[in-house]
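Protein chains in written order, with my numbering: chain B, 1 to 397; chain D, 398 to 864.
To start, the structure under review is shown below, and the notes come after it.
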Amino acid sequence: MSTPAFPVPAEVDRLQRTALVAGGAGVGLSLLGAVFDLGQFLRSWLFAELFWTGVAVGCLSLLMINHMTGGVWGLVIRRLLEAGGRTVPLLAILFLPIALGLPRIYEWARPEVVAADPVLQMKRPYLNVPFFLLRAVFFFAAWSALAHFLSRWSGELDRTGSLRVARRLRGLSGGGLLILGLTITFSAVDWAMSLDPHWFSTIYGIVFMVGQALSAMALVIVLLARLRGEEPFAEAVRPQVVHDLGKLMLAFVMLWAYVNFSQFLIIWSGNLPEEAPWYILRLHGGWQGIALLVLLFHFVLPFLLLLSRDLKRSAPTLARVAGALFLVRLVDLYWLVAPDLHHHGALRVSWTDVTAPVGVGGIWLFWLARELRVRPLLPQRDPDLEEFLAQPAEGHA
Amino acid sequence: MADAADPGLARDATPAPPRREELVGPGHDFASVTEKISSIVLQRRTPWGWFVGFAIAFALLQGMLLAVGYLLFVGIGVWGVTIPIGWGMDIINFVWWIGIGHAGTLISAILLLLRQGWRTSINRFAEAMTLFAVACAAFYPVFHTGRPWLAYWLFPYPNTMGLWPNFRSPLIWDVFAVSTYGTVSLLFWFVGLVPDLATLRDRARSKPWKILYGILAMGWRGSARHWHNYDTAYLLLAGLATPLVVSVHTVVSFDFAIGIIPGWHATIFPPYFVAGAIYAGFAMVLTIAIPLRKFYALEDFITMRHLENMAKVMLATGLIVAYGYMMEAFMAWYSADTYERFAIWNRMTGPYWKMYWALILCNVVAPNTLWVKNLRTSVPYLFFMSLVVSVGMWLERFVIIVTSLHRDFLPSSWGIYRGTFFDWSAFIGTLGLFSTLLFLFVRFLPAISIFEMRTILPGAEVEEEHP
């Protein structure tokens, strides 16, 4: 790799090496698991893929929201988000095992199950293998295209500083958010909701949108805190920026609680046979412990902590909360999908449920670090960012 | 928006020129702002147009009083409510009005916390709009009880009857949500008015007005200590009001979603109702702002940028609402549940199909024209759009409430709902109540916050860090 003309923090190198080792080990162990139990491997792999795809797509959401709204918080993390978005092609490749093993994961992909179930027969126009794969191709293509153009035009903006390019980026983000909203919704229905093909909930797509944005925000805060000592971030990561990121994370935490509670309350009070079993499964057989854990550590504790102004203005402490939230995001997603993956039974964690997210995550972070070298880590010639950097700093993060 | 005509301008040498349109027209200073806004209340002769408008509004209000009088005399049978549609236009209008109120709270509280300077000239009358809309909304459930003099039974209080409301019913949550909302909105609005009331007190020429404004200004002297406490109080109230933007319409959505009627029992209802409320509210703010700025020549204060920003909020929330319709339809089909599928199919093709498709036209097709900048910045078009959205949101509530109830599980109990003369006269009457209050407000209180407008003038820039 040639030496780039802009500073790349040594931390990126460290991240890349560690991630590669972790990813290699995780994938290796998971493949070993595949030898013993191919079905279990595939289901764990789906969980890992769902989580990390969520992080990448969450990056795209935050990026486009910032193009629409403006704000220095988004300029400082823009390159991290763009790099996160550009991992989508990698995730498309990692989706292949799932695409090949659909019947081992999804009930509706097994003809004998469908033959015995009139409801699944009615759902066949939507839930069938070719259409499912076609949709998956479309989702990955749409996200890749968005990531590609967002990065490319942002690079153009670096070179020219042209307002016309900025306007084009804003236009793309407006339409892009629409596309993202629809693709996230339907990918959530396809990949996660259809694990229990009888269950349905109209808010499910929004639950995923919010969760993904929160995952991405938490990861970016952790990365930023690790990179903040080195150029080019040393100047830009100021308490004000960290504060704004912290506030946004708090907003996402609250939004997450809001949509999840709404769904729960409505289904609990309706108590209908086609909806309630989904929650009954998740609140019995050991899963209720996970639910409690998620409630405490995904909402109550981070909510209380993030109310503190001092905490939100300090990059290292905010990063600790963000790191913990990132892990709890993983637990939350597990609670959301795993009860259906394990044949609707009591809580049981397979070891590949751990190695697969580590493996996919390692490769993902390795790829991210690689992408972080492609461009300067802060946007160049952006008037808002220049104006911000020209102001005297008000103390250190 | 980035309107300074400098594409590709090299940005190295000089500090960047203002990239956004200013929030106040050129040539204004502290005195001219105060003079311009307070003169509407104090100095100018009341324009004849005001009298005409007020007379119409007041006549409609009288019509409402007649309709209500008859309702109290005969009973709520004069409305079109029957079984299976046990609540019709009363709940439709309740939700419609309460939704409209949300924009005022969003503008005054959330945009304040988000440091959006453009809220400043529109917050005052938007908050007033909230209060009046809540008053109109509260009318319906109270009168739908049939015995409004017993409406206090809705509140839980120890009584000799041993009677308590059902705390598991979202309708009782509504009582708390709406009464909290009304109280906080009133406090917020009044606290925001205090410095301006003092200005009016100081500038009023006649003694009675001096005394009246003086009482309302509560001894405001504008000392540094006053301002310090004032800022804290205002921020705290903004913090209190913020969750209300979400909670009130969430609870309203629970009125339906907690039940198990197909078409009501949808988990997406809370966020989609909140988005719809903001959408309808911004439409109403535009409906009020556009004539107001024209009539009193306030174009320097309520600028194109304000209107365009409101149009953008309308577009964004309109798209969320459209997403809600789409998810309802998709999930009904995906669920493969007979009743869910029938409910949505009946909406689209049943007796009320015209309402459904008119709703799609108003709330899904029409707002998408706001992607076009030329339309977004055309004042007549925005006014037209604001009316379209108000109609669309009324239709939405009609479709949700009536089509879900009129044909549910048992075909033998199907029915048809139609609003009667007294339904319509009550609705038009609340429009009269709302406009009467607005006319009085514009005439007797500053419709734009004077002291906050002063803070966004170029000369008000004090070099100080934001909190």
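We put the beta carbon where it would ideally sit given N, CA and C, even for glycine.
Here the structure is a predicted model, which means the values were calculated and not measured.
- In this structure, DSSP gives A601/D a state outside helix and strand, which the three-state scheme calls coil.
- Contact with chain B is found for H662/D, since one of that chain's Cβ atoms lies less than 8 Å from the residue's Cβ.
- Identification of residues in the region 202-219 of chain B having a C-beta nearer than 8 Å to some C-beta of chain D yields T202, I203, Y204, G205, I206, given in sequence order.
- Annotation note: the region 277-318 of chain B contains the following uninterrupted alpha helix (DSSP H) runs of length 4 or greater, listed N- to C-terminal: 287-294, 301-306, 309-313.
- With contacts defined as CB atoms closer than 8 Å, R600/D and S435/D qualify as a contacting pair.
- Within a 10 Å sphere around the beta-carbon of K312/B sit 16 or more other beta-carbons, which makes this residue buried.
- Out of I847/D, F824/D, F831/D, the CA that lies nearest to the CA of N490/D is found in F824/D.
- A Cβ-Cβ distance of about 6 Å is found for the pair P553/D and P562/D, placing them in contact under the 8 Å criterion.
- Within chain B, the residues whose beta carbon sits less than 9 Å from that of T647/D are Y258, S262, listed in sequence order.
- For K691/D, the enclosing alpha helix (DSSP H) covers residues 666-692.
- Residue W791/D holds the alpha-carbon nearest to the alpha-carbon of W493/D among I507/D, W791/D, L837/D.
- Neighbours of L178/B in chain D, taken as residues at a C-beta separation under 8 Å, are given in chain order as L716.
- Contact with chain B is found for E725/D, since one of that chain's Cβ atoms lies less than 8 Å from the residue's Cβ.
- When Cβ-Cβ separations below 8 Å define contact, V119/B makes contact with chain D.
- A contact is defined here as three or more CB-CB pairs under 8 Å, and the region 745-754 of chain D fails this definition with respect to the region 192-210 of chain B.
- With 16 or more neighbouring CB atoms inside 10 Å of its own CB, T53/B falls in the buried class.
- The residue among F448/D, N520/D, L712/D, I665/D with its C-alpha nearest the C-alpha of V785/D is L712/D.
- Between the region 45-59 of chain B and the region 90-98 of chain B, the count of C-beta pairs closer than 8 Å reaches three or more; the two stretches touch.
- Residues of the region 322-340 of chain B with a C-beta atom less than 8 Å from some C-beta of chain D do not occur.
- Sequence-ordered contacts of the region 667-697 of chain D with chain B read P667, P668, Y669 [C-beta pairs closer than 9 Å].
- For A654/D, the residues of chain B that pass the 9 Å Cβ criterion are S262, L265, I266, S269, G270, in the order they occur in the chain.
- Within the same chain, and ignoring the five residues on either side of F299/B in sequence, the residues whose Cβ sits closer than 6 Å to its Cβ are A257.
- The CB of S732/D comes closer than 8 Å to the CB of F200, E274 in chain B, given here in chain order.
- Excluding sequence positions up to five before and after V349/B, its CB lies less than 7 Å from no other CB in the same chain.
- Judged by their CB atoms, V671/D and H703/D are not nearer to each other than the 8 Å cut-off.
- Annotation for V358/B: A22, G26 place their beta carbon closer than 7 Å to its own, counting only its chain and skipping 5 residues before and after.
- Neighbours of M64/B in chain D, taken as residues at a C-beta separation under 7 Å, are lacking, since the least C-beta distance is about 13 Å.
- Within the region 122-154 of chain B, the residues whose Cβ lies closer than 7 Å to any Cβ of chain D are, in chain order, M122, K123, Y126.
- Leaving aside the five residues that flank H623/D on each side, the residues in its chain whose CB is nearer than 7 Å to its CB run, in chain order, W617.
- Excluding five sequence positions before and after F653/D, the CB atoms of its chain that fall closer than 6 Å to its own CB belong to W661, given in chain order.
- P538/D is classed as buried because its beta carbon has at least 16 other beta carbons within 10 Å across all chains shown.
- Looking from the CA of L633/D, the closest CA among I853/D, F585/D, S620/D belongs to F585/D.
- Per DSSP, reduced to three states, the secondary structure at I797/D is helical.
- At least one C-beta of chain B is nearer than 8 Å to the C-beta of M728/D.
- Contact with chain B is found for I657/D, since one of that chain's Cβ atoms lies less than 8 Å from the residue's Cβ.
- Of all residues in the region 831-861 of chain D, none is placed with a Cβ closer than 7 Å to any Cβ belonging to chain B.
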